[in-house]
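Reviewing the structure listed below.
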Amino acid sequence: MTKTATDGDWRRYEAEKQAYDIIRDGIIEDAEEQGMTPRQQIKLELGLEEMLVNIISYAYDGTGYVWVRTSAEGDTFRLELADHGKHFDPLEKDRRHTDGVPDIDQEEGGYGIFLVKKNFSFVGYEYEELFGKMANHLTMELPLS
Amino acid sequence: MANELPEETRQTKNGWTVWQVRGHIDLMVADSFFAQGESVIRENPKTVLDMSLIEYISSAGLRALIRLKKYASMNGKAFTIAGAGDLVLAVLRDCRLDILLEHRASLEDL
């Protein structure tokens with residue numbers, strides 16, 4: 033089934049823990065409206081949790097905003113996240129051991145970024161001007177089915 | 027982000043304490059999930075986490091599982107996992123944690 037391209041508007045939220053559920057539910061709702069399968073929604077939730085929590089937890093020393101935009105073209109769902117926080121490329125943070133079975137003594141982190149890279153068909157990061165300031169701009173694409 | 031407790035039950039099977047958790051194991055419940063598991067492992071020599079009712083696990087949940095395995099190992103206890111459904115098992119396999127945590131297809135395999 034061919035879907036027409038839809039470009040949503042940027043939505044702005046306070047980058048704080050209390051907003052996490054609202055942001056997540058809005059993104060999942062957008063994906064559902066575009067016909068994303070439940071299996072793909074699980075992958076989407078995995079990815080957005082990892083990236084969104086990074087922004088909420090580490091982007092700002094004080095208060096700040098996170099911008100969210102979703103769109104769809106053909107069989108691809110696109111999620112974009114932007115913030116005016118510290119310059120940070122989350123894709124450099126894959127600390128997972130990639131060879132063989134992980135060791136029990138290895139660092140516990142790194143799985144989130146690894147899973148994002150594995151499950152999404154495209155993940156890109158740019159540091160560019162958005163909304164009048166330099167911004168971290170993350171784009172993630174995932175097949176709808 | 028609410029810090030909700032995952033719904034859990036405990037029973038015994040073939041000398042193992044079966045700790046069953048239901049729902050999503052994500053950032054919101056990861057700390058509570060770890061605390062529950064730590065308590066079960068501390069009180070029992072052999073614990074298996076029945077994952078058959080876990081619908082979703084995020085990287086925060088994976089970190090909690092590794093911490094539980096470490097806790098068990100450091101305290102001379104056995105800890106393993108069983109019964110993960112397709113979606114959860116796919117995540118575990120992607121990270122090769124099914125091998126580290128010695129995943130069994132079902133509790134009958136204990």
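Chain order of the listed sequences is A and B. Numbering follows the working numbering, with no gaps: position 100 of the first sequence is 132. Numbering follows the working numbering, with no gaps: position 74 of the second sequence is 100. From the three backbone atoms N, C-alpha and C, an ideal C-beta is built for every residue, glycine too. All values derive from a computational prediction rather than experimental measurement.
With fewer than 16 other Cβ atoms from the protein chains shown falling within 10 Å of its own Cβ, H119 (chain A) counts as exposed. Nearest CB-CB separation between Y82 (chain B) and chain A: below the 7 Å threshold.
When C-beta distances to chain B are compared with 8 Å, the residues of the segment 70-93 of chain A below that value are R71, I74, E77, L78, E81, E82 and V85, in chain order. Straight-line spacing of the CA atoms in R130 (chain B) and P32 (chain B) works out to 22 Å.
Using a 10 angstroms sphere on the CB of R44 (chain A), the tally of other CB atoms stays under 16, which defines it as exposed. With the criterion set as a beta carbon lying under 7 Å from some beta carbon of chain B, the members of the segment 148-175 of chain A are K150, in sequence order.
Spatial neighbours of V117 (chain B) in its own chain (CB-CB distance under 7 Å, excluding positions within 5 residues in sequence) are listed in chain order as I83. Between the alpha carbons of Q46 (chain B) and G109 (chain B) lies a distance of about 10 Å.
When CB distances to chain A are screened at a threshold of 9 Å, the residues of the segment 48-71 of chain B falling below it are H50, D52, L53 and M54, in chain order. For secondary structure counted as the beta strand (DSSP E) over 3 or more consecutive residues, the segment 47-109 of chain A holds these complete runs in sequence order: 97-105. Counting the other CB atoms within 10 Å of its CB gives T69 (chain A) a total below 16, which places it among the exposed residues.
For the 7 Å CB-CB criterion, T73 (chain B) and I80 (chain B) do not form a contact. When C-beta atoms of the segment 97-107 of chain B are compared with those of the segment 89-100 of chain A, fewer than three pairs fall below 8 Å, so the two segments do not count as touching. Residues of chain A with a Cβ closer than 7 Å to the Cβ of D120 (chain B) are, in chain order, L147 and K150. Straight-line measurement puts the Cα of A47 (chain A) at about 20 Å from the Cα of R110 (chain A).
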